[in-house]
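Report on the following structure.
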Amino acid sequence: MKRILMLLLVLSIGVMPSIARTETKNQVESLMSRGIEDDDDDNDEPKPYTHHEVTVGYGFLPTTSFRSTRFWTNSSYVQGNDYVGPVFATYTYRFNQVVGIGATFAFDPANRNYSDENHPDLGAICKVKQNNFTTLLHLKINWLNTRVVAMYSKVGFGATFGKTKVENVYPDLYEITPSNAISNPRFAYSIVPVGIELGNRQYAAFMQIGFGAEGVFSLGFRYGFGFNKK
0 MKRILMLLLV LSIGVMPSIA RTETKNQVES LMSRGIEDDD DDNDEPKPYT
50 HHEVTVGYGF LPTTSFRSTR FWTNSSYVQG NDYVGPVFAT YTYRFNQVVG
100 IGATFAFDPA NRNYSDENHP DLGAICKVKQ NNFTTLLHLK INWLNTRVVA
150 MYSKVGFGAT FGKTKVENVY PDLYEITPSN AISNPRFAYS IVPVGIELGN
200 RQYAAFMQIG FGAEGVFSLG FRYGFGFNKK
């Protein structure tokens with residue numbers, strides 16, 4: 000009996016380390032497989048979307064640049080335009096990756112020089128500087144979202160007003176009254192059928208095509224913050 004017990008003890012001493020090594024190996028493999036699966040699960044989870052977005056941009060040929068206030072009725076005065084283009088900033092609250100609402104502010108300085116076609120040798124006889132200020136409420140719809148590229152459409156409505164300064168270059172020859180005037184608020188809009196963003200959810204460059212207060216073509220940068228994993 001004692002010999003049997005001794006034999007079992009010797010066998011157990013030799014077998015247990017092997018069992019322990021096997022169990023440890025199984026545990027490691029299990030942990031590794033779970034880790035890989037967890038990583039896969041993380042990759043499969045929805046990526047966080049941006050709760051808030053701010054942008055700054057510059058546009059070309061906005062509608063505000065083509066609005067002017069005339070301080071005379073002489074039909075011989077010819078208007079020459081010097082369009083600077085609008086600088087605008089937007090804030091958008093994102094409900095999800097598709098729908099966002101927010102506000103837009105745009106500043107568009109437009110300079111105009113008027114000449115007399117009957118006396119072209121005089122050059123500019125009147126200089127008009129008009130600064131346009133526009134505020135809009137907008138709706139932004141992202142209809143494509145990838146890791147690098149997003150495409151969207153945007154529409155906004157609001158009001159604009161202008162501050163105008165008129166300078167009579169030849170006061171002895173022309174009756175043009177110098178004036179500093181602020182126009183009444185007018186209806187304003189911005190419609191962007193197609194916009195594209197290149198970057199990630201936090202930083203991206205954008206360019207868009209549309210018409211209205213942000214211009215026919217505009218470009219700029221977007222910054223996102225306030226991420227959530229819904």
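All residue numbers for the sequence shown refer to numbering that gives the first Met the number 0, where the first residue is 0 and numbers rise by one.
Glycine included, C-beta positions come from ideal geometry on N, C-alpha and C.
Worksheet item: Which parts of the region 131–171 are runs of the beta strand (DSSP E), unbroken and 3 residues or longer, counting only runs that do not cross its ends?
Response: If only complete runs of 3 or more residues are kept, the region 131–171 shows the beta strand (DSSP E) at 148–167, in order along the chain.
Worksheet item: Who does I181 pair with in a DSSP beta bridge?
Response: K162, per the DSSP bridge assignment.
Fill in: Residue from G209, G223, F87, S152 whose Cα sits closest to the Cα of G56
Closest option to G56, Cα to Cα, is F87.
Worksheet entry | Test item: CB-CB of G161 and S189 under 7 Å | Going by C-beta atoms, G161 is not nearer than 7 Å to S189.
Discussion item. As a quick exercise: from I208, F220, G84, L172, pick the residue whose alpha carbon is nearest that of N110.
Written reply: With distances taken between CA atoms, N110 lies nearest to G84 out of I208, F220, G84, L172.
Worksheet item: Rounded to a whole number of angstroms, what is the C-alpha to C-alpha distance between N167 and E116?
Response: Their backbone Cα atoms lie some 16 Å apart in a straight line.
Worksheet item: CA-CA distance, R221 and Y113?
Response: Across the structure, R221 and Y113 are spaced so that their CA atoms are roughly 39 Å apart.
Worksheet item: Just to confirm, are G223 and Q201 a CB contact at a threshold of 7 Å?
Response: Against a cut-off of 7 Å, the Cβ pair of Q201 and G223 comes out as a contact.
Item to complete: Evaluate D107 with the Cβ neighbour count: other Cβ atoms within 10 Å of its Cβ, from every protein chain shown; 16 or more gives buried, anything less gives exposed.
Response: By the 10 Å Cβ count, D107 comes out buried.
Worksheet item: Going by alpha carbons, who is nearest to Q96 out of E52, P184, V215?
Response: Checked all of E52, P184, V215; the closest Cα to Q96 is E52.
Discussion item. Taking the straight line between their C-alpha atoms, what separation do you get for N199 and V165?
Written reply: Our two residues, N199 and V165, have alpha carbons roughly 46 Å apart in a direct line.
Worksheet entry | Nearest residue (CA-CA) to F132, options T103, V191, K126, N141 | Comparing Cα positions, the closest option is T103.
Fill in: Nearest-angstrom beta carbon gap, G101 and F216 [assumed within contact, 8 Å]
Contact between F216 and G101 fails: their C-beta atoms lie close to 21 Å from each other, not under 8 Å.
Worksheet entry | Status (buried if at least 16 other CB within 10 Å, exposed otherwise) for T54 | Its Cβ being crowded by 16 or more others within 10 Å, T54 is buried.
Worksheet item: Helix or strand or just coil, what does DSSP make of T54?
Response: Residue state, collapsed to three classes: strand.
Item to complete: Could you spell out the range, first to last residue, of the beta strand (DSSP E) harbouring Y173?
Response: Element bounds for Y173: n/a, residue is neither H nor E.
Worksheet item: What span of residues does the beta strand (DSSP E) with A204 cover, start to end?
Response: Under the DSSP assignment, A204 falls in the beta strand (DSSP E) whose first and last residues are 202–211.
Fill in: Nearest to T62 (by Cα), restricted to the options N227, G211, L197
Ranking the options by Cα distance to T62, first place goes to G211.
Fill in: Beta-carbon contacts of E196 that lie in its chain and below 8 Å, excluding the five residues immediately before and after
Spatial neighbours of E196 in its own chain (CB-CB distance under 8 Å, excluding positions within 5 residues in sequence) are listed in chain order as V148, A149, M150, Y151, A203, A204, F205, R221.
Fill in: Identity of the residue in V191, L138, I124, C125 nearest Y92 by Cα
Put simply, of V191, L138, I124, C125 the residue whose alpha carbon is nearest the alpha carbon of Y92 is L138.
Discussion item. Restricting to Cα atoms, I'd like to know which of L136, Y173, T134 is closest to A123.
Written reply: Cα-wise, what sits closest to A123 is Y173.
Worksheet entry | Backbone CA spacing between N227 and R185 [nearest angstrom] | Rounded to whole angstroms, N227 to R185 spans 39 Å at the Cα level.
Worksheet entry | S32 - DSSP class collapsed to helix/strand/coil | Per-residue confidence for S32 stands at a pLDDT of 48, beneath the threshold of 50, marking its modelled position as unreliable; the derived number appears in the next sentence. Of the three classes helix, strand and coil, the one that applies to S32 here is helix, per DSSP.
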